[in-house]
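Chemist: Handing you this structure, nothing more for now.
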Amino acid sequence: VDFFSKKNKECHPLLANYLSNMAVADSVLKEISRILDKNGEIKDNATPELAQIRSTKAQIQASISKTLQRILQKAQADELVEKDATPVVREGRLVIPVLSMNKRKIDGIIHDESASGKTFYIEPSQVVLLNNKIRELESDERKEIIKILTAVTSSIRPEYTNILHAQKIYLQLDALNAIAKYSIHIKAICPDIGDRCVIDWRKGRHPILQELLEKQGGQIVPLDIKLDDKERIIVISGANAGGKSVCIKTVCLLQYMLQCGLPIPIAEDSEAGVFDDIFLDIGDGQNIENDLSTYSSHLQNMKFFVKNATEKTLVAIDEFGSGTEPEMGGAIAQATLEEFCRKRVFGVITTHYTNIKYFAEQTEGVVNGAMLYDRSKLKPLFELKIGQAGSSFALEIAQNIGLPQNIIAAAKQLVGQQAINYDRLTQAAIKNKVYWENKREKIRRRSKEQDEIISQYEAKLSSIEAEKKEIIRQAKMEARQIVDSANATIENAIRTIKESNADKAKTAEARRTIRSFTDDIVPKTEVDKPASATFKIADKVVMKGQSVVGEILDISDKKAIVAFGAIKTTVSLSDLEAATGNRVKQTAKAGLSRATTNEIRRRQLNFSQEIDLRGMRVAEALKAVMYYIDDARMANVGQVRILHGTGEGALRQAIREYLSGLSFLKSFGDEHVQLGGAGITVVNL
2 VDFFSKKNKE
12 CHPLLANYLS
22 NMAVADSVLK
32 EISRILDKNG
42 EIKDNATPEL
52 AQIRSTKAQI
62 QASISKTLQR
72 ILQKAQADEL
82 VEKDATPVVR
92 EGRLVIPVLS
102 MNKRKIDGII
112 HDESASGKTF
122 YIEPSQVVLL
132 NNKIRELESD
142 ERKEIIKILT
152 AVTSSIRPEY
162 TNILHAQKIY
172 LQLDALNAIA
182 KYSIHIKAIC
192 PDIGDRCVID
202 WRKGRHPILQ
212 ELLEKQGGQI
222 VPLDIKLDDK
232 ERIIVISGAN
242 AGGKSVCIKT
252 VCLLQYMLQC
262 GLPIPIAEDS
272 EAGVFDDIFL
282 DIGDGQNIEN
292 DLSTYSSHLQ
302 NMKFFVKNAT
312 EKTLVAIDEF
322 GSGTEPEMGG
332 AIAQATLEEF
342 CRKRVFGVIT
352 THYTNIKYFA
362 EQTEGVVNGA
372 MLYDRSKLKP
382 LFELKIGQAG
392 SSFALEIAQN
402 IGLPQNIIAA
412 AKQLVGQQAI
422 NYDRLTQAAI
432 KNKVYWENKR
442 EKIRRRSKEQ
452 DEIISQYEAK
462 LSSIEAEKKE
472 IIRQAKMEAR
482 QIVDSANATI
492 ENAIRTIKES
502 NADKAKTAEA
512 RRTIRSFTDD
522 IVPKTEVDKP
532 ASATFKIADK
542 VVMKGQSVVG
552 EILDISDKKA
562 IVAFGAIKTT
572 VSLSDLEAAT
582 GNRVKQTAKA
592 GLSRATTNEI
602 RRRQLNFSQE
612 IDLRGMRVAE
622 ALKAVMYYID
632 DARMANVGQV
642 RILHGTGEGA
652 LRQAIREYLS
662 GLSFLKSFGD
672 EHVQLGGAGI
682 TVVNL
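For the sequence shown, the positions run 2 to 686 when the working numbering is used.
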């Protein structure tokens with residue numbers, strides 16, 4: 002309630018409005034919070050009596066543990082118990098495990114024995130009275146808790162109706178929270194849902210299968226499928242274990258999730274609709290009690306489907322027509338499919354029967370779909386391609402398994418050349434379709450890349466033209482200024498010469514003025530600096546954009562330790578450039594002042610390897626960390642500790658983000674658990 006009534010109310014207006022219907026008095030929440038902790042357990046300080054009971058109980062338990070440890074150590078020394086034995090609880094009392102042969106050597110009460118009979122659990126006589134006292138305190142504790150709960154129940158009873166209403170709201174909110182968390186976990190979305198019945202999904206994924214494959218290090222193959230008014234039924238065929246059943250189960254599960262109001266794992270550009278009914282015939286429905294065989298159960302389902310299906314019904318049938326003699330089963334399946342078409346039913350159907358595939362090819366509103374198969378490796382690809390019938394690859398799989406050639410040859414003769422040719426042509430058609438679709442996709446991708454490159458070049462060309470015009474405009478303006486200045490300088494020189502009657506000294510001065518002006522206009526060309534350099538120890542360098550010259554003391558990997566006067570610091574080689582001759586000479590003359598040197602020494606002596614930021618605001622703390630890291634580098638310290646505490650984690654996160662942007666740091670992370678853990682960040686410079 003507090004979450005939605007304060008800072009988050011504007012971010013979640015619908016949920017905040019939903020919770021605004023609750024009318025539970027604040028006194029109820031305060032009373033419950035007074036006695037219960039965040040885990041729903043009664044607090045120790047719920048009443049003074051309970052606090053006293055639990056405190057006494059804890060003291061006695063500590064005394065029992067200490068006594069048992071002493072007895073156990075002596076028993077281990079006397080080899081009466083195992084070396085690794087520890088006290089355990091039996092019947093609510095602390096006991097020690099003793100070998101059966103030594104059970105009479107320890108004075109106490111036997112409470113239990115192991116299943117093998119080799120170990121007895123004995124309560125030493127020294128702790129019997131203490132354990133009895135624990136039992137008494139536990140009884141007193143139960144009575145006190147009942148007393149507390151009774152009193153609180155009486156005080157909140159007037160709010161009974163409001164509490165029940167709030168419970169319903171919280172249950173609904175909990176359900177929404179679970180839906181949201183699971184949707185994020187499976188990367189689900191809420192697709193566009195229109196008024197018509199439609200399934201137009203991109204990259205649909207079975208959430209349970211996806212999670213299972215990810216745990217095994219695998220990756221799911223997403224499903225693209227489309228059912229609309231034009232193509233209302235899809236007949237999926239392909240090899241055994243090729244993914245047909247997974248495909249149909251994915252469609253059924255996602256559609257059912259959608260109609261239950263749950264987000265589903267499909268791509269953003271997908272479209273979905275809602276059906277009045279979803280009829281399923283998946284799996285084996287045989288039933289001994291009802292005298293139903295596998296095929297009989299399928300027929301019962303078909304009877305129900307044909308009778309009750311409408312143009313807003315989705316029918317899902319796995320292994321359509323199977324379970325009986327193939328020719329008759331295929332005929333009944335085809336006749337049923339014709340009835341579905343007449344009633345304009347939507348459907349996803351899997352089959353191996355050739356007549357069903359042929360019917361789908363010839364009938365308007367029905368389309369074939371093939372589960373792709375790698376013929377060279379004889380492995381399923383688990384990818385659905387709509388528009389082409391699939392092959393069962395029965396002969397190829399039998400040959401790959403190692404079935405004798407004479408059996409395979411006999412099977413070919415029995416099935417007939419026409420069926421073999423049909424299957425071969427089907428496989429060839431699938432292969433050709435995949436090949437040309439891949440070609441088309443490559444052409445489309447390259448065309449898109451070319452369009453992007455052309456757009457980039459056109460944008461660059463426009464930018465260059467604009468820069469060119471701007472440069473020319475600036476150059477013309479500068480040229481005009483130079484000409485105007487030159488004219489003014491020359492006119493002044495002529496006037497000076499005339500006024501001095503061509504005096505030699507005045508004339509020479511005028512010439513020097515004109516020459517100086519010319520030198521300013523046409524400066525001497527500087528020697529280009531090398532684009533990059535290879536540094537070695539003792540090289541004179543400067544940091545890019547700086548003028549202070551330093552000397553390289555050591556090089557490791559892509560970093561160097563550089564001394565700038567009395568200051569040593571670690572710098573990335575990419576941030577350095579070689580110092581030129583003039584700079585080196587200037588540096589030799591320069592050096593640090595005495596005041597600067599004294600200040601550096603003072604800061605090195607006073608530097609602490611630990612800074613405490615607890616209680617500071619984020620901005621204040623970041624400023625302190627920035628100066629502290631600078632001081633650490635100046636003091637040439639290898640490791641420092643930053644105390645920020647745990648709290649809500651905002652200060653820790655801000656400091657970590659700032660440190661991650663410092664390229665000269667070796668590493669940073671949490672302190673050891675026993676030394677502060679996540680409340681302290683250790684920085685290695």
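Yeah, the Cβ is synthetic: ideal placement off N, Cα and C, and Gly gets one too. Since we're looking at a predicted model, the values are computed, not measured.
1. Is it buried or exposed for K530, if we count other Cβ within 10 angstroms and need 16 for buried?
2. Indicate the three-state DSSP secondary structure (helix, strand or coil) for Q220 in the structure shown.
3. Could you tell me which residues DSSP pairs with S668 in its beta bridges?
4. Sort out for me which residues DSSP pairs Q640 with in a bridge.
5. Could you have a look at P98 and say whether DSSP puts it in helix, strand or coil?
6. How would you call K250, buried or exposed, if buried means at least 16 neighbouring beta carbons within 10 angstroms?
7. For the segment 327-401, which segments carrying the alpha helix (DSSP H) assignment without a break, of at least 4 residues, lie completely within its bounds, in sequence order?
8. So, are the CB atoms of T221 and G274 less than 9 Å apart?
9. Per DSSP, which one or two residues make a beta bridge with E212?
10. Which residue's Cα is closest to the Cα of I187: Q211, S323, A564?
11. According to DSSP, M544 sits in a beta bridge with which residue or residues?
12. Roughly how many whole angstroms lie between the Cα atoms of M544 and L577?
13. For G109, does the count of other Cβ atoms within 10 angstroms reach 16, so buried, or fall short, so exposed?
14. Check whether the segment 27-38 touches the segment 108-124, taking contact to mean three or more Cβ pairs, one atom from each stretch, closer than 8 Å.
15. By the 10 Å Cβ neighbour count, where 16 or more other Cβ atoms means buried, how is A176 classified, buried or exposed?
16. Go to E137, then tell me how far its beta strand (DSSP E) extends in each direction, as first and last residue.
17. Assuming D27 is part of the alpha helix (DSSP H), what are its boundary residues?
18. With a threshold of 6 Å on Cβ separation, who are the neighbours of H207 within its own chain once the five nearest residues in sequence on each side are excluded?
19. According to the neighbour-count rule (16 or more other Cβ atoms, all chains shown, within 10 Å of its Cβ), is W202 buried or exposed?
20. Nearest by alpha-carbon distance to L618: which of S609, A580, Q640, R653 is it?
21. Is the beta carbon of E672 less than 9 Å from the beta carbon of R642?
22. My output table needs one value for L263: the three-state DSSP class, helix, strand or coil.
23. I'd like the span of the beta strand (DSSP E) that includes F121, first residue to last.
24. Are the beta-carbon atoms of G284 and F383 separated by less than 9 Å?
25. So, helix, strand or coil for E479, using DSSP?
26. Less than 9 Å between the C-beta atoms of K308 and D277, yes or no?
27. Taking only the alpha-carbon atoms, compute the straight-line gap between Q217 and I209 and give it to the nearest angstrom.
28. Hey, would you say G239 sits closer than 9 Å to A412, going by beta carbons?
29. So, I33 versus I157, is the Cβ gap smaller than 9 Å?
30. State the start and end residues of the unbroken alpha helix (DSSP H) segment that holds I234.
31. Helix, strand or coil for F565? Go by DSSP, reduced to three states.
32. Going by the CB atoms, is the gap between L51 and I147 shorter than 9 Å?
33. Looking only at its own chain, which residues have a Cβ that is under 8 Å from the Cβ of D375, when we skip the five neighbours before and after it?
34. Do Y19 and I164 have their C-beta atoms within less than 9 Å of each other?
35. Taking L69 and I97 to be in contact with their CB atoms under 8 Å, please state how far apart those CB atoms are, rounded to whole angstroms.
36. For the candidate residues V416, R91, E468, whose alpha-carbon lies nearest to that of P327?
Modeler: Taking the coordinates as given:
1. The predicted model places K530 with a pLDDT of 44, which falls under 50 and marks its position as unreliable; any figure quoted below should be read in that light. It is exposed - the Cβ of K530 has fewer than 16 other Cβ atoms within 10 Å.
2. coil
3. N685
4. N685
5. strand
6. buried
7. 327-343, 355-363
8. The amino acid occupying residue 221 in the given sequence is Ile; Thr does not appear at that position. Cβ distance not < 9 Å, so I221 and G274 don't count as in contact.
9. Per DSSP, none; premise fails for E212.
10. Q211
11. L577
12. 5 Å
13. buried
14. no
15. exposed
16. Segment 129-157 is the alpha helix (DSSP H) holding E137; no beta strand (DSSP E) there.
17. 27-36
18. T251
19. buried
20. A small correction: the amino acid at residue 618 is Arg; Leu does not occupy that position in the sequence shown. It is R653 whose Cα lies nearest to the Cα of R618.
21. yes
22. coil
23. 120-125
24. no
25. helix
26. no
27. 13 Å
28. no
29. yes
30. No alpha helix (DSSP H) holds I234; the beta strand (DSSP E) holding it covers 234-238.
31. strand
32. no
33. P381, L382
34. no
35. 6 Å
36. V416
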